[in-house]
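Q: Protein chains in written order, with our numbering: chain X, 6 to 292; chain H, 145 to 307; chain D, 33 to 133; chain Z, 249 to 351. Submitted below is the structure of interest, expressed as structure tokens.
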């Protein structure tokens, strides 16, 4: 039995090493430079898709395929996330048992601030995402937290995203080594292959955006979170950023981590930061 | 629904009062069915929605066959973004339109939706339908008692890479 | 010479039990090895869904008394767990190859 | 509880364009839930739009209409401020109705 395992590992190892040597890039010195990373990241997509307008990247697959863009624009006349939006607005206005509302937890009453999330909390030394902040607000006011992958959370983030529509993503990295580490950790997660399919987020969203995986056209990684939360026809329901990360993992046959684990918060931090300057377009409708 | 004694004696004869004469035994001769009567009939076409095949559903709903016409403009995607939500619309330049219906051939039940178009309503409809798999989509317009159709193929597959 | 001898011995040993039908003891040993590897993979936060389902299949087969299938499934689970561990280890560096610079 | 029907009716000239989005599962009865049991069919069968005392649009729907169904049509003979009454019934006897003013 032992020999069979080694054979299997040997072949996998050989394939991986061969791939690593074949790739042209030289591994440069490892100083974390988010500004340079963001510039390189954006230029990669601007050069790879010269005729896609920069702000269009936030429309995911629809920036890659005219026929699907038409189907999408038709649906946008009366979008399927309309109900989640109304529910979110109502929830935002409904006070907790202690009389407070979400508006008391957020700057500017929670209106028009989604473009600053996630942010790095220097006291806690960790990335705080919008979904996490909402649940913390609930718990601070004696309410039970919502599931990160279910409709209530999606309705709240849909409404907050809607109030920020058109504002440019504006994520800050404070001069704090832990913030740089979180950014780097998110970047590593983004490029790390996982699951039996041996895909990383980049395998699909950097190497082959615009191409199809069966019926779906792959979205470019640039601005991929700007439309969150999204109503997906495939789920015939709303999906938060957490739900998207968890389902992407299981698609590659990797066991998902707990929603809002550090890795997910950091990769959201990385992806949002490199999309700075692109407009918020949430809530979105996707295939 | 126009009344005619087709081969199926069981088909319910819908008596529309003294004015209409049940033309027995004259088969499918097209005759001017008063548009108001088709619109007034609000009954839900149970029978037609039960038919599996497209041809049977058309017969159950309208009692006769349609002829393709370029006056019926059917707009549907070539590749459906998702089989669960396929935006489909139809417009027509025909006049005296009384009904518009959609048939998805490869669905378990072909008839998807049927709309009654009273006088004064523009003969055009947009809606979102489900499609089980790659299929022929047929839109039928009933205008001045006759049936006109347009059809198109829509490709449908699942999404995602694995799971 | 000595080295190839031990290899042959190892081969003979590993093939020996499958000559006769596997029994519960074989299953327990194979399952324990698979579970250890799976725990290690989970510890590295790089578990595969197919490892989990192979382990479950092994347990189900064993509960049904089909120890041959149970041992085979446990071995497959172990191999998958080990592959996911290898993936996590090698990716520690190879991810940089894909990074946009 | 907010109505399950969202309507947008806009008029330009003599033509009024009506869009409706209705919150309804539209279950076909052919889908199994996570426990492997069939989810019973539950879908809107008839949707009616009335304006100025007459039907302006009647939809007969089967199980192939998408979840949270959407429909768009236009009609003549109404003006800004007129009221449209929308009502639906489903195969389980459920129903809902609402009215909307033409903008």
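Quick reminder that beta carbons are idealized off the backbone N, C-alpha and C, glycines included.
By the 10 Å Cβ neighbour count, where 16 or more other Cβ atoms means buried, how is residue 98/X classified, buried or exposed?
A: What you label residue 98/X is simply residue 93 of the first chain in a count that begins at 1. Answer is exposed; the Cβ neighbour count stays below 16.
Q: Considering Cα atoms alone, identify which of 228/H, 199/H and 219/H is closest to residue 237/X.
A: Residue 237/X sits at position 232 when you count from the first residue of the first chain. Answer by Cα proximity: 228/H.
Q: Would you call residue 315/Z buried or exposed, if buried means 16 or more other Cβ atoms sit within 10 Å of its Cβ?
A: One-based indexing of the fourth chain puts residue 315/Z at position 67. Per the 10 Å Cβ criterion, buried.
Q: Candidates 296/Z, 261/Z, 341/Z and 252/Z: which alpha carbon is nearest residue 326/Z's?
A: One-based indexing of the fourth chain puts residue 326/Z at position 78. The option with the nearest alpha carbon to residue 326/Z is 261/Z.
Q: Buried or exposed for residue 282/X, please, with buried defined as at least 16 other CB atoms from any protein chain shown within 10 angstroms of its CB.
A: Indexing the first chain from 1 puts residue 282/X at position 277. Residue 282/X is exposed by the Cβ-count criterion.
Q: Take the Cβ of residue 270/X as the centre, count every other Cβ of all protein chains shown within 10 Å, and call the residue buried at 16 or more, exposed below.
A: For the purposes of this step, residue 270/X is taken as residue 265 along the first chain, with counting starting at 1. Under this definition residue 270/X is a buried residue.
Q: Just to confirm, are residue 109/D and residue 78/D a CB contact at a threshold of 7 Å?
A: Residue mapping note: residue 109/D aligns to position 77 of the third chain, counting from 1. Residue mapping note: residue 78/D aligns to position 46 of the third chain, counting from 1. No, Cβ-Cβ distance for residue 109/D and residue 78/D is not below 7 Å.
Q: Could you tell me which chain H residues have their CB closer than 8 Å to the CB of residue 302/Z, listed as they occur along the chain?
A: Translated into the one-based positions of the fourth chain, residue 302/Z becomes position 54. Within chain H, the residues near residue 302/Z are 262.
Q: Between the region 66-79 of chain X and the region 118-131 of chain X, do at least 3 Cβ pairs fall closer than 8 Å?
A: Flag = no, the region 66-79 of chain X and the region 118-131 of chain X do not touch.
Q: Quick check on the DSSP output: what are the complete beta strand (DSSP E) runs of length 3 or more inside the region 301-351 of chain Z, in order along the chain?
A: Runs of the beta strand (DSSP E) inside the region 301-351 of chain Z: 302-309, 318-324, 331-338 and 343-349.
Q: Determine the extent of the alpha helix (DSSP H) in which residue 141/X is found, giving its start and end residues.
A: Residue mapping note: residue 141/X aligns to position 136 of the first chain, counting from 1. Here the alpha helix (DSSP H) through residue 141/X covers 135-145.
Q: Closer than 8 Å is the cut-off here; do at least three beta carbon pairs connect the region 158-167 of chain X with the region 232-251 of chain X?
A: As far as the Cβ criterion goes, the region 158-167 of chain X touches the region 232-251 of chain X, which means the pair count is three or higher.
Q: For the region 231-278 of chain H, list the beta strand (DSSP E) runs that are entirely contained and at least 3 residues long, ordered along the chain.
A: Those beta strand (DSSP E) runs which fall completely within the region 231-278 of chain H and span 3+ residues are 241-248, 255-260 and 268-273.
Q: Got a sec? Which residues, its chain only, sit under 7 Å from residue 114/D by beta carbon, not counting five neighbours each side?
A: Residue mapping note: residue 114/D aligns to position 82 of the third chain, counting from 1. For residue 114/D, where only same-chain residues beyond five positions count, the Cβ hits under 7 Å are 69.
Q: Can you give the Cα-Cα distance for residue 42/X and residue 230/X, rounded to whole angstroms?
A: The count along the first chain starts at 1 and reaches residue 42/X at position 37. The count along the first chain starts at 1 and reaches residue 230/X at position 225. Distance between the alpha carbons of residue 42/X and residue 230/X: 17 Å.
Q: Could you tell me the distance, in whole angstroms, from the CA atom of residue 280/Z to the CA atom of residue 186/X?
A: Residue mapping note: residue 280/Z aligns to position 32 of the fourth chain, counting from 1. Residue mapping note: residue 186/X aligns to position 181 of the first chain, counting from 1. Roughly 45 Å separates the two Cα atoms.
Q: Could you confirm whether any beta carbon from chain Z is found closer than 7 Å to the beta carbon of residue 85/X?
A: Taking the first chain and counting its residues from 1, the one referred to as residue 85/X is at position 80. Closer than 7 Å to some Cβ of chain Z, the Cβ of residue 85/X qualifies, so yes.
Q: Under the rule that 16 or more other beta-carbon atoms within 10 Å means buried, what is residue 297/H, buried or exposed?
A: Here residue 297/H is taken as the residue at index 153 of the second chain, counted from 1. Exposed is the call here.
Q: Three or more C-beta pairs closer than 8 Å, one from the region 250-261 of chain X and one from the region 281-300 of chain Z: is that the case here?
A: They do not touch, by the three-pair rule.
Q: Using the rule of at least 16 other Cβ atoms within 10 Å of the residue's Cβ for burial, across every protein chain shown, is residue 184/H buried or exposed?
A: Looking up residue 184/H in the second chain gives position 40. Confidence in residue 184/H is poor, its pLDDT being 40 and thus under 50, which makes the residue's placement unreliable; the coordinate value appears in the next sentence. Classification for residue 184/H: exposed.
Q: Could you give the distance in angstroms between the alpha-carbon of residue 209/X and the alpha-carbon of residue 226/H?
A: The residue labelled residue 209/X in the question sits at position 204 within the first chain. The residue labelled residue 226/H in the question sits at position 82 within the second chain. Approximately 19 Å, taken between the alpha carbons.
Q: Verify whether the separation of the beta carbon atoms of residue 216/H and residue 294/H is less than 7 Å.
A: The residue labelled residue 216/H in the question sits at position 72 within the second chain. The residue labelled residue 294/H in the question sits at position 150 within the second chain. Contact flag set, yes.
Q: Taking 7 Å as the cut-off, decide whether the C-beta atoms of residue 242/H and residue 261/H are in contact.
A: The sequence position of residue 242/H within the second chain is 98, counting from 1. The sequence position of residue 261/H within the second chain is 117, counting from 1. Yes; because the gap between Cβ atoms is below 7 Å, this pair is in contact.
Q: In angstroms, rounded to a whole number, what distance separates the CA positions of residue 107/D and residue 192/X?
A: Position 75 of the third chain holds residue 107/D. Position 187 of the first chain holds residue 192/X. If I take the Cα positions, the gap works out to 35 Å.
Q: Please say whether residue 334/Z and residue 257/Z have beta carbons closer to each other than 7 Å?
A: Numbered from its first residue, the fourth chain carries residue 257/Z at position 9. Numbered from its first residue, the fourth chain carries residue 334/Z at position 86. Not closer than 7 Å, so no.
Q: Considering only C-alpha positions, which residue in the set 253/H, 259/H and 282/H is nearest to residue 194/H?
A: The residue labelled residue 194/H in the question sits at position 50 within the second chain. It is 253/H.
Q: Would you report the Cα separation of residue 94/D and residue 101/D, rounded to the nearest angstrom?
A: Position 62 of the third chain, counted from the start, is the residue given in the question as residue 94/D. Position 69 of the third chain, counted from the start, is the residue given in the question as residue 101/D. Computed Cα separation, rounded: 8 Å.
Q: Mind pulling the chain H residues with CB within less than 7 Å of residue 311/Z?
A: Working through the fourth chain from its first residue, we reach residue 311/Z at position 63. Residues of chain H passing the Cβ test: 253.
Q: By the criterion of Cβ-Cβ separation under 9 Å, what are the contact partners of residue 221/H in chain Z?
A: Here residue 221/H refers to the residue found at position 77 of the second chain. Under the 9 Å cutoff, chain Z gives no residues; its nearest Cβ is about 14 Å from residue 221/H.
Q: Which of the three DSSP states, helix, strand or coil, is assigned to residue 290/Z?
A: The count along the fourth chain starts at 1 and reaches residue 290/Z at position 42. It is a strand residue.
Q: Kindly list the residues whose CB is nearer than 6 Å to the CB of residue 249/H, restricted to its own chain and excluding five residues on each side of it in sequence; keep chain order.
A: As a first step, residue 249/H is located in the second chain; it is residue number 105 there, counting from the start. 198, 279 and 280.
Q: Can you pull the chain Z residues whose beta carbon is under 7 Å from the beta carbon of residue 82/X, in chain order?
A: Sequence index remark: in the first chain, residue 82/X carries index 77 (1-based). Within 7 Å Cβ-Cβ: 267.
Q: When the Cα atoms are used, what is the spatial distance from residue 94/X to residue 323/Z?
A: Here residue 94/X corresponds to residue number 89 of the first chain, with the count starting at 1. Here residue 323/Z corresponds to residue number 75 of the fourth chain, with the count starting at 1. Residue 94/X and residue 323/Z: Cα-Cα distance of roughly 32 Å.
Q: Cα-Cα, which of 259/Z, 263/Z, 270/Z and 309/Z is closest to residue 346/Z?
A: One-based indexing of the fourth chain puts residue 346/Z at position 98. Considering only alpha carbons, the answer is 270/Z.
Q: Can you pull the chain Z neighbours of residue 259/H, defined as C-beta to C-beta under 9 Å?
A: Along the second chain, read from residue 1 onward, the residue named residue 259/H stands at position 115. Result: 305, 306, 307, 308, 319 and 321.
Q: Return the residue from the list 278/X, 52/X, 71/X and 285/X that minimises the CA-CA distance to residue 179/X.
A: Here residue 179/X refers to the residue found at position 174 when the first chain is read from its first residue. Of 278/X, 52/X, 71/X and 285/X, the residue nearest in Cα terms is 278/X.
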